[in-house]
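First the structure, in the form of structure tokens, and then the observations on it.
Residue numbers (our numbering): 21 to 232.
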């Protein structure tokens with residue numbers, strides 16, 4: 021709830037008109053609402069504001085609404101979720117609602133009567149979320165750590181005076197490291213290979229050769 025005692029709702033939907041309509045309906049009920057159109061950010065917003073109710077779409081950027089709902093339920097088992105979808109996506113929404121333990125599914129275009137009709141259900145007991153057990157296995161590429169990178173060749177000093185002035189050996193180009201897979205929540209891993217490589221090349225050029 022807000023500091024003035026109003027209940028709060030987090031509206032996570034890809035359609036701005038639907039999101040605004042939901043905010044207007046909830047405002048008429050005396051609720052404060054915040055709109056978010058990004059699945060990944062929605063998880064952070066939930067943790068930050070701890071709303072009383074979450075309205076969730078499915079076709080969200082960066083993170084599917086089903087996964088975002090599971091992430092929220094993982095962070096808070098008491099999260100109250102309502103999926104809001106078009107009629108053509110109702111079957112998928114019903115599956116996602118069961119998986120994430122949502123309290124209801126609403127079909128667009130929304131009216132206040134639609135919410136009035138399901139209000140008791142939306143505020144009823146929160147079901148279990150059986151999909152949490154399959155979250156990691158359904159999305160294994162979101163959990164894998166990137167493989168270790170091969171070491172870069174290290175320039176070495178010449179072993180004797182006779183080698184000074186000798187023709188430089190060709191530098192071996194280090195193999196291109198594999199691109200790391202994303203961890204859950206879309207964290208990016210930044211590896212400053214370009215800086216390390218340029219330092220190694222400068223040292224090699226100064227010495228006149230690199231002994232491989």
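Think of the CB as a built atom: it goes at the ideal place given N, C-alpha and C, for glycine as much as any other residue. Please read these numbers as outputs of a predicted model, since none were measured by experiment.
Query                                                                                                                                        : Result
Under 8 Å between the Cβ atoms of residue 130 and residue 109?                                                                               : no
Do residue 56 and residue 87 have their beta-carbon atoms positioned less than 8 Å apart in this structure?                                  : no
Report the rounded CA-to-CA distance for residue 95 versus residue 133, giving the unit in angstroms.                                        : 32 Å
Which one or two residues does DSSP pair with residue 29 in a beta bridge?                                                                   : 53 and 73
Between residue 77 and chain B, is any beta-carbon pair separated by less than 8 Å?                                                          : Structure shown: chain B not included; a single protein chain is present.
Under the rule that 16 or more other beta-carbon atoms within 10 Å means buried, what is residue 80, buried or exposed?                      : buried
Buried or exposed: where does residue 155 fall if 16 or more other Cβ atoms within 10 Å of its Cβ makes it buried?                           : buried
Rounded C-beta distance between residue 76 and residue 102? I'm assuming under 8 Å.                                                          : 7 Å
Can you have a look at residue 47 and say buried or exposed, based on whether 16 or more other CB atoms are within 10 angstroms of its CB?   : exposed
Taking the alpha-carbon of residue 121 as reference, which of 136, 141, 127 and 51 has the nearest alpha-carbon?                             : 141
Can you say whether residue 210 is buried or exposed, counting buried as having 16 or more other CB atoms within 10 angstroms of its CB?     : Reliability of the predicted coordinates at residue 210 is poor, the pLDDT of 35 falling under 50, and the value obtained from them is presented with this limitation in mind. Answer is exposed; the Cβ neighbour count stays below 16.
What is the C-beta distance between residue 128 and residue 38, in whole angstroms, given that I count them as a contact (C-beta under 8 Å)? : 5 Å
So what does DSSP say about residue 106, is it helix, strand or coil?                                                                        : coil
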